[in-house]
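Peer 1: Residue numbers (the working numbering): 0 to 347.
Even for Gly, the Cβ is constructed at its ideal location relative to N, Cα and C.
Fair warning: this is a prediction, and the values are worked out from it, not measured in the lab.
Okay, handing you the structure first.
In structure tokens:
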């Protein structure tokens, strides 16, 4: 009982913001696995060469991980030791989340080189950064040292991920709960400039039963295009998708913000950025200056990557990203590297 109590206290301390900030470090694996980031980059580049859309999937995978139980790779777990469905089986994630096989490939390469050293949570953060580099020509350093969690519950995903039906205030509140500001919410929403969405996420904006409609903030021509793709009978299992940014779906640019004033925000939540005056001012700022948006977007990604992370002696380094380690095989915490700095952003 005493041992369990001490373990609980240690984990609670590890997750305090000040301690987390100190323990996440750029170059965390420079001594224990110096090629970790290059191996992840290689796995992402290989997948991207076959399917450019995988980059958007990896960015979203990191976001959906961090917003549920913190950035602990719980979204990667395929089974729940306590029974019931996992995060990846929840409606916001299934069937839309993708990129699991890329993380698995990166993990396999790293395990061959540095067994039991690099966490799946850090691999996710590196892969998201590399995806942003490939699609937007933006590079930033990623502080690492996250440990992997051992719990993944469907309900946690339902309770924490912001749905595409949220109002402006609901979005602001949800991001605030994750220590992110309203501006950072608008910045991160710009990731909707890459990738595709299933019809179920916006079908109620274009159909009322079998009756065609045009939701507020949606142009009639765009609504007609979406109706030609998505039938009125669309359900959660309908596998039809459409690009979120029809003009450049595989390029990370500021086109998302330019589409909003043209009533071409795909989700109800996208249009909410225009409804709120303060948020709309940010939309206009980022639409006018892509370089500024990319720099601030990268900084927001680094901050998001710090949400409720487990570090030090908390959590584990999974040997297989989809399965919790057996109790006897969990690797010991790796030694902290000497570099301690913030993510530095470079754009070109």
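Within the segment 67-151, note down every full alpha helix (DSSP H) run reaching 4 residues or more, in order along the chain.
Peer 2: 99-112, 119-135
Peer 1: For the segment 249-256 and the segment 279-294, state whether three or more C-beta atom pairs, one from each stretch, are separated by less than 8 Å.
Peer 2: yes
Peer 1: Which runs of the beta strand (DSSP E) fall wholly inside the segment 235-309 and span at least 3 residues, in chain order?
Peer 2: 240-242
Peer 1: List the whole-angstrom C-beta distance separating residue 145 from residue 124, where the pair is believed to meet the contact cut-off of C-beta under 8 Å.
Peer 2: Sequence index remark: in the chain shown, residue 145 carries index 146 (1-based). Sequence index remark: in the chain shown, residue 124 carries index 125 (1-based). Rounded, the Cβ-Cβ distance is 7 Å, consistent with contact.
Peer 1: Can you tell me whether residue 171 is buried or exposed, with buried defined as 16 or more other CB within 10 angstroms of its CB?
Peer 2: What you label residue 171 is simply residue 172 of the chain shown in a count that begins at 1. Residue 171 should be labelled buried.
Peer 1: How long is the line joining the alpha carbons of residue 250 and residue 241, rounded to whole angstroms?
Peer 2: Residue mapping note: residue 250 aligns to position 251 of the chain shown, counting from 1. Residue mapping note: residue 241 aligns to position 242 of the chain shown, counting from 1. So the two alpha carbons sit approximately 15 Å from each other.
Peer 1: So, residue 291 versus residue 65, is the Cβ gap smaller than 7 Å?
Peer 2: Within the chain shown, the letter at position 292 stands for residue 291. Within the chain shown, the letter at position 66 stands for residue 65. No, these two residues do not count as a Cβ contact at 7 Å.
Peer 1: Buried or exposed, going by whether 16 or more other CB atoms sit within 10 Å of the CB of residue 338?
Peer 2: Here residue 338 is taken as the residue at index 339 of the chain shown, counted from 1. Bear in mind that the predicted position of residue 338 carries a pLDDT of just 35, short of 50, making it too unreliable to give a figure here.
Peer 1: Under the three-state reduction of DSSP, which class applies to residue 200: helix, strand or coil?
Peer 2: On the chain shown, residue 200 is found 201 positions in, with the first residue counted as 1. Residue 200: helix per DSSP, three-state reduction.
Peer 1: Which one of 294, 191, 127 has the shortest CA to CA distance from residue 270?
Peer 2: For the purposes of this step, residue 270 is taken as residue 271 along the chain shown, with counting starting at 1. Among 294, 191, 127, the Cα nearest to that of residue 270 is on 191.
Peer 1: Could you give the residue range of the alpha helix (DSSP H) that holds residue 59?
Peer 2: To locate residue 59, count along the chain shown from 1; it is residue 60. Start and end: 53-65.
Peer 1: Would residue 260 be called buried (16 or more neighbouring beta carbons within 10 Å of its own) or exposed?
Peer 2: Here residue 260 refers to the residue found at position 261 of the chain shown. So residue 260 counts as exposed.
Peer 1: Mind checking whether residue 57 and residue 118 have CB atoms under 7 Å apart?
Peer 2: Within the chain shown, numbered from 1, the residue matching residue 57 stands at position 58. Within the chain shown, numbered from 1, the residue matching residue 118 stands at position 119. The answer is no: Cβ separation not under 7 Å.
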